[in-house]
Amino acid sequence: MTSVLSSLLDDVLRRNAGEPEFHQAAREVFGSLEPVIAAHPRYAEAAVLERLTEPERQLIFRVPWTDDSGRVRVNRGFRVEFNSALGPYKGGLRFHPSVTLGTVKFLGFEQIFKNALTGLPIGGGKGGSDFDPKGKSDAEVMRFCQSFMTELYRHLGEHTDVPAGDIGVGGREIGYLFGQYKRITNRYESGVLTGKGVGWGGSLVRTEATGYGAVFFAQRMLATRGRDFDGARVLVSGSGNVAIYAIEKVHQFGGTVVACSDSSGVVYDPEGIDLELLRQIKEVERGRLSAYAERRPSADYRAGGDIWALASETRIDVAIPCATQNELDAAAAATLAAGGVAAVVEGANMPCTPEAVAVLVQSGILFAPGKAANAGGVATSALEMQQNASRDAWTFEYAEQRLAEIMNSIHDSCAATAEEYGAPGDYVLGANIAGFVRVADAMLALGVI
Ligand code: GLU
Numbered sequence: 004m005t006s007v008l009s010s011l012l013d014d015v016l017r018r019n020a021g022e023p024e025f026h027q028a029a030r031e032v033f034g035s036l037e038p039v040i041a042a043h044p045r046y047a048e049a050a051v052l053e054r055l056t057e058p059e060r061q062l063i064f065r066v067p068w069t070d071d072s073g074r075v076r077v078n079r080g081f082r083v084e085f086n087s088a089l090g091p092y093k094g095g096l097r098f099h100p101s102v103t104l105g106t107v108k109f110l111g112f113e114q115i116f117k118n119a120l121t122g123l124p125i126g127g128g129k130g131g132s133d134f135d136p137k138g139k140s141d142a143e144v145m146r147f148c149q150s151f152m153t154e155l156y157r158h159l160g161e162h163t164d165v166p167a168g169d170i171g172v173g174g175r176e177i178g179y180l181f182g183q184y185k186r187i188t189n190r191y192e193s194g195v196l197t198g199k200g201v202g203w204g205g206s207l208v209r210t211e212a213t214g215y216g217a218v219f220f221a222q223r224m225l226a227t228r229g230r231d232f233d234g235a236r237v238l239v240s241g242s243g244n245v246a247i248y249a250i251e252k253v254h255q256f257g258g259t260v261v262a263c264s265d266s267s268g269v270v271y272d273p274e275g276i277d278l279e280l281l282r283q284i285k286e287v288e289r290g291r292l293s294a295y296a297e298r299r300p301s302a303d304y305r306a307g308g309d310i311w312a313l314a315s316e317t318r319i320d321v322a323i324p325c326a327t328q329n330e331l332d333a334a335a336a337a338t339l340a341a342g343g344v345a346a347v348v349e350g351a352n353m354p355c356t357p358e359a360v361a362v363l364v365q366s367g368i369l370f371a372p373g374k375a376a377n378a379g380g381v382a383t384s385a386l387e388m389q390q391n392a393s394r395d396a397w398t399f400e401y402a403e404q405r406l407a408e409i410m411n412s413i414h415d416s417c418a419a420t421a422e423e424y425g426a427p428g429d430y431v432l433g434a435n436i437a438g439f440v441r442v443a444d445a446m447l448a449l450g451v452i
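In the working numbering, each residue's number is its place in the sequence shown (first place is 1) plus 3.
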């Protein structure tokens with residue numbers, strides 16, 4: 004990194020003390036930008052990086068609510084409106100006890116580049132709360148969502164800021180949030196939230212989109228080495244929305260997902276994960292993965308186990324981390340490399356540590372960063388906004404075809420950009436530069452704001 008870039012990065016780290024995930028995300032992007040900053044001095048002259056790393060607006064608010072026993076509880080709500088050069092702030096809400104301002108800033112920063120890569124008119128933002136929906140009743144989740152929206156609604160709008168789901172926020176939460184927005188504003192403003200139910204303004208394929216999209220991206224990337232999913236053995240970490248639909252698409256492409264996981268353990272099922280059973284446990288019963296092995300004779304449950312370690316005992320061709328940030332470290336990457344894995348594709352946001360990425364790349368493994376590979380979710384959110392704006396509803400086939408085209412085009416633009424900047428096959432560099440250029444050019448055109 005040049006001294007100008009590294010002193011800029013130092014400044015970002017200093018001004019955002021105590022936010023390690025945001026530091027990690029900023030370091031990763033800065034690590035790719037040297038050639039583009041050197042080739043185009045206009046970006047430095049207009050202080051594009053200084054502006055890009057400073058959110059346009061950061062909201063932190065109190066969320067009081069009453070639990071089923073009548074006790075008043077207090078959580079913290081966040082929305083970071085990071086960059087709106089390309090369109091309204093767009094990005095999900097995460098409800099998880101680990102959520103801090105730093106988490107939301109890392110996710111929001113990644114979202115700017117991810118959304119730019121889709122080629123669609125969406126800026127970058129992210130939000131959430133340290134509220135834990137696990138173990139809460141529907142009524143408690145509803146009261147929390149209503150209180151959260153009672154503060155946030157004034158900052159939202161279909162042309163201003165459009166949240167969606169992320170970890171801990173699915174169709175149920177989006178329903179309660181949308182209901183409260185509608186009640187307070189007295190407007191049926193469908194385009195203000197995405198991930199809505201298909202019966203009331205949602206888009207077909209939005210639920211499946213992040214997982215499907217990651218597999219479309221992986222398929223296109225594998226093809227550059229003359230490979231595909233047919234007959235491939237695959238690890239998919241996690242067992243939430245992204246994991247479930249990644250598994251489904253791998254199976255449709257002729258591969259076999261032999262393991263998935265949750266925060267308590269790993270299920271190894273050499274016959275292939277039974278998706279119907281997994282969905283029943285996770286989506287209907289909202290239960291733990293251990294219940295899967297109890298009902299499936301071919302499966303083996305490993306409490307506290309590490310899913311990536313399976314690459315040392317059975318053949319694995321592709322790994323798709325779909326759980327959460329920093330879930331795959333250098334030791335896991337070394338296990339995958341020693342096991343002969345061909346590709347690692349990030350379905351979650353930043354699931355591989357920087358050290359893991361270095362090991363994968365040095366081992367010649369194809370590596371797809373989340374901001375490119377998991378962009379299918381937010382891309383389909385933008386398609387949902389399009390349908391809302393035109394008061395239309397597309398078929399499943401049409402929406403899925405649009406998703407596949409978008410993922411192929413993201414893949415191709417990352418690959419072409421990496422090639423143009425002298426690093427063929429480097430999808431990290433390709434994604435960062437392609438995303439950066441689109442946002443930075445819009446920022447230059449809009450003046451110093
Ligand atoms: N939370 C998802 C992401 O990380 C989706 C965001 C959206 O649909 O706005 O991209």
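We put the beta carbon where it would ideally sit given N, CA and C, even for glycine.
(1) Does the ligand GLU have a heavy atom nearer than 7 Å to the CB of GLN183?
(2) Would VAL172 be called buried (16 or more neighbouring beta carbons within 10 Å of its own) or exposed?
(3) At the level of alpha carbons, what is the spacing between ASP395 and ALA334?
(4) Counting along the chain, where does the alpha helix (DSSP H) carrying ARG441 start and finish?
(5) Of the residues ASP169, SER366, THR121, which one's Cα is nearest the Cα of ALA326?
(6) Keeping to the same chain, check which residues put their C-beta closer than 8 Å to that of LEU120; ignore five residues upstream and five downstream.
(7) So what's ASN118 in DSSP terms, helix, strand or just coil?
(8) Should THR5 go down as buried or exposed, given a rule of 16 or more other Cβ atoms within 10 Å for buried?
(9) To the nearest angstrom, how far is it from the Cα of ILE284 to the Cα of LEU292?
(10) Determine the direct distance from the alpha carbon of GLU387 to that of HIS254, and round the result to whole angstroms.
(11) Only counting runs of 4 or more residues, tell me where the alpha helix (DSSP H) segments fall wholly within the region 8-95, in order along the chain.
(12) With ARG236 as the anchor, note down where its alpha helix (DSSP H) starts and where it stops.
(13) With a threshold of 7 Å (Cβ to nearest heavy atom), would ASP169 be considered close to the ligand GLU?
(14) Which class does SER264 belong to by DSSP, given the choice of helix, strand or coil?
(15) Using the C-alpha atoms, what's the distance from ASN189 back to CYS355?
(16) From the DSSP output, which residues share a beta bridge with PRO324?
(17) Is ARG79 closer than 8 Å to SER150 when the C-beta atoms are compared?
(18) Does the Cβ of ASP429 have 16 or more other Cβ atoms within 10 Å, making it buried, or fewer, making it exposed?
(19) Between which two residues does the beta strand (DSSP E) carrying LYS129 extend?
(20) Can you round the beta-carbon distance between ALA345 and VAL321 to whole angstroms, since I take them to be within the 8 Å contact cut?
(21) Which word fits SER242, buried or exposed, when buried means at least 16 other C-beta atoms lie within 10 angstroms of its C-beta?
A quick look at the data gives this:
(1) To locate residue 183, count along the sequence shown from 1; it is residue 180. Checking the Cβ of GLN183 against the ligand GLU gives no.
(2) If you number the sequence shown from 1, residue 172 lands on position 169. By the 10 Å Cβ count, VAL172 comes out buried.
(3) Locating residue 395 in the sequence shown gives position 392, where the first residue counts as 1. Locating residue 334 in the sequence shown gives position 331, where the first residue counts as 1. Roughly 49 Å separates the two Cα atoms.
(4) Sequence index remark: in the sequence shown, residue 441 carries index 438 (1-based). 430-449 is the span of the alpha helix (DSSP H), which, as asked, contains ARG441.
(5) Here residue 326 refers to the residue found at position 323 when the sequence shown is read from its first residue. Minimum Cα distance to ALA326 is reached at ASP169.
(6) For the purposes of this step, residue 120 is taken as residue 117 along the sequence shown, with counting starting at 1. Cβ within range, chain order: LYS374, ALA375, ALA378, ILE413, SER416, CYS417, ALA434, ALA437, GLY438, ARG441.
(7) Residue 118 sits at position 115 when you count from the first residue of the sequence shown. Three-state result, ASN118: helix.
(8) Counting from one through the sequence shown, the residue named residue 5 turns up at place 2. Exposed.
(9) Counting from one through the sequence shown, the residue named residue 284 turns up at place 281. Counting from one through the sequence shown, the residue named residue 292 turns up at place 289. The straight-line gap from Cα to Cα measures roughly 7 Å.
(10) If you number the sequence shown from 1, residue 254 lands on position 251. If you number the sequence shown from 1, residue 387 lands on position 384. The alpha-carbon atoms of HIS254 and GLU387 are separated by roughly 26 Å.
(11) 23-42, 44-48, 51-55
(12) Translated into the one-based positions of the sequence shown, residue 236 becomes position 233. Segment 236-240 is the beta strand (DSSP E) holding ARG236; no alpha helix (DSSP H) there.
(13) Counting from one through the sequence shown, the residue named residue 169 turns up at place 166. Answer for ASP169: yes, Cβ within range of the ligand GLU.
(14) Working through the sequence shown from its first residue, we reach residue 264 at position 261. Here SER264 sits in strand by DSSP.
(15) Translated into the one-based positions of the sequence shown, residue 355 becomes position 352. Translated into the one-based positions of the sequence shown, residue 189 becomes position 186. Cα to Cα, the separation comes out at about 43 Å.
(16) The residue labelled residue 324 in the question sits at position 321 within the sequence shown. Looking at the DSSP assignment, PRO324 forms a beta bridge with SER240.
(17) Start at 1 with the first residue of the sequence shown, and residue 150 comes out as number 147. Start at 1 with the first residue of the sequence shown, and residue 79 comes out as number 76. Not closer than 8 Å, so no.
(18) On the sequence shown, residue 429 is found 426 positions in, with the first residue counted as 1. When all chains shown are included, ASP429 counts as buried.
(19) Taking the sequence shown and counting its residues from 1, the one referred to as residue 129 is at position 126. Residues 127-132.
(20) Taking the first residue of the sequence shown as 1, we reach residue 345 at position 342. Taking the first residue of the sequence shown as 1, we reach residue 321 at position 318. Going by Cβ atoms, the distance from ALA345 to VAL321 rounds to 6 Å, so yes, they are a contact pair.
(21) The sequence position of residue 242 within the sequence shown is 239, counting from 1. Per the 10 Å Cβ criterion, buried.
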